[in-house]
Amino acid sequence: NGNRDNSRGALIVLEGLDRSGKTSQSTRLLSYLEQQGFSVESWRFPDRSTCVGEMISSYLANKSQLDDRTIHLLFSANRWEKRSLMEMKLRSGTTLLVDRYSYSGVAFSSAKGLDVEWCKGPEMGLLAPDLVLYLNIPPEKAAERGGYGGERYEQLEFQRKVAQHYKMLCDATWKIIDASLPMEDVEKQLREFVMDCIATCQIGKPLSQLWL
Ligand code: NYM
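Every number in full-length UniProt numbering is 42 more than the matching position in the sequence shown, counting from 1.
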């Protein structure tokens with residue numbers, strides 16, 4: 043880890059609709075990588091532990107109202123407040139598995155009708171992921187999975203729009219995985235992509251920035 047000059051950890055992001063299985067998969071990946079002896083941490087956005095995160099959490103629980111652009115910028119600020127720690131961890135050789143990132147930011151806000159380019163603006167300059175694992179599931183199927191928790195956005199009609207907006211963000215760092223397959227099959231595919239990605243970062247792939 044971190045001994046060779048440009049060796050670093052990988053920035054790996056999981057994205058997908060609510061109930062697509064991101065959180066379960068990221069837990070499984072974390073323990074797999076730990077068992078393999080990698081230095082790895084599991085992160086998630088929104089990070090509800092900060093002041094900004096508390097505002098977001100209260101908005102999601104419908105305990106406060108904010109206009110669409112304001113909440114968008116708070117989600118973004120919540121990533122910015124973690125950027126330097128993120129960079130430090132990666133450079134010291136720790137791989138980060140991140141449950142949601144800027145793609146959620148843009149997909150959810152633009153699904154409300156905000157302009158996509160406007161939504162991308164505040165994300166520019168955040169660290170670019172080395173790999174985005176998109177857990178692809180039909181919105182109807184996700185809705186059948188044990189129901190939604192009742193937070194804002196957790197409604198079938200809206201999730202359908204989010205799915206369309208996610209698709210516009212897909213680039214070369216994305217792997218699209220069929221998340222309606224059994225959990226073990228999904229996990230197996232994720233492991234392969236992740237192991238490849240970690241190896242590339244260990245040999246010194248440079249860190250880059252998002253959407254500049
Ligand atoms: N969400 C998440 C956004 O709208 N913008 C963002 O930038 C991020 C990171 O928050 N429905 C939405 C997507 C989810 C909700 O996420 C809470 P989670 O993973 O359920 O805690």
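The C-beta atom is built at its ideal place from N, Cα and C for all residues, glycine as well.
Please read these numbers as outputs of a predicted model, since none were measured by experiment.
Asked                                                                                                                                                               : Found
Does the contact criterion of 3 or more C-beta pairs under 8 Å hold for the stretch 228-248 versus the stretch 186-202?                                             : no
Identify every residue that forms a DSSP beta bridge with E83.                                                                                                      : L138
Measuring CA to CA, which of Q201, R202, F235, L175 is closest to A221?                                                                                             : L175
Which residues bound the alpha helix (DSSP H) around D220?                                                                                                          : Taken as a continuous stretch (DSSP letters only), D220 belongs to no alpha helix (DSSP H), being part of the beta strand (DSSP E) at 216-220.
Given a threshold of 16 other Cβ atoms within 10 Å of its Cβ, counted over all protein chains shown, does L59 qualify as buried or as exposed?                      : buried
With distances taken Cα to Cα, identify the nearest neighbour of A52 among K64, S62, W85.                                                                           : W85
Considering only the beta carbon of each residue, do I54 and T136 sit closer than 8 Å?                                                                              : no
Measuring CB to CB, does V204 end up less than 8 Å from A170?                                                                                                       : no
Classify I245 as buried or exposed, calling it buried when 16 or more other Cβ atoms lie within 10 Å of its own Cβ.                                                 : exposed
In this structure, how does DSSP classify E57 when only helix, strand and coil are distinguished?                                                                   : strand
Please look up how many angstroms separate the CB atoms of residue 255 and L211, rounded, as I've assumed it's under 8 Å.                                           : What is shown of the chain runs 43 to 254, which leaves residue 255 out entirely.
Let's see if you can read the secondary structure: which residues bound the beta strand (DSSP E) around Y176?                                                       : 173-178
For Q251, which residues does DSSP report across the bridge?                                                                                                        : L169
Use the C-beta contact count for N104: other C-beta atoms within 10 angstroms, 16 or more gives buried, fewer gives exposed.                                        : exposed
Which residues in the same chain as K154 place their Cβ atom closer than 7 Å to its Cβ, once the five residues preceding and following it in sequence are excluded? : D110
Does the Cβ of R142 lie closer than 7 Å to at least one heavy atom of the ligand NYM?                                                                               : yes
Please find out if some non-hydrogen atom of the ligand NYM comes closer than 7 Å to the beta-carbon of S146.                                                       : yes
To the nearest angstrom, how far is it from the Cα of D157 to the Cα of A119?                                                                                       : 18 Å
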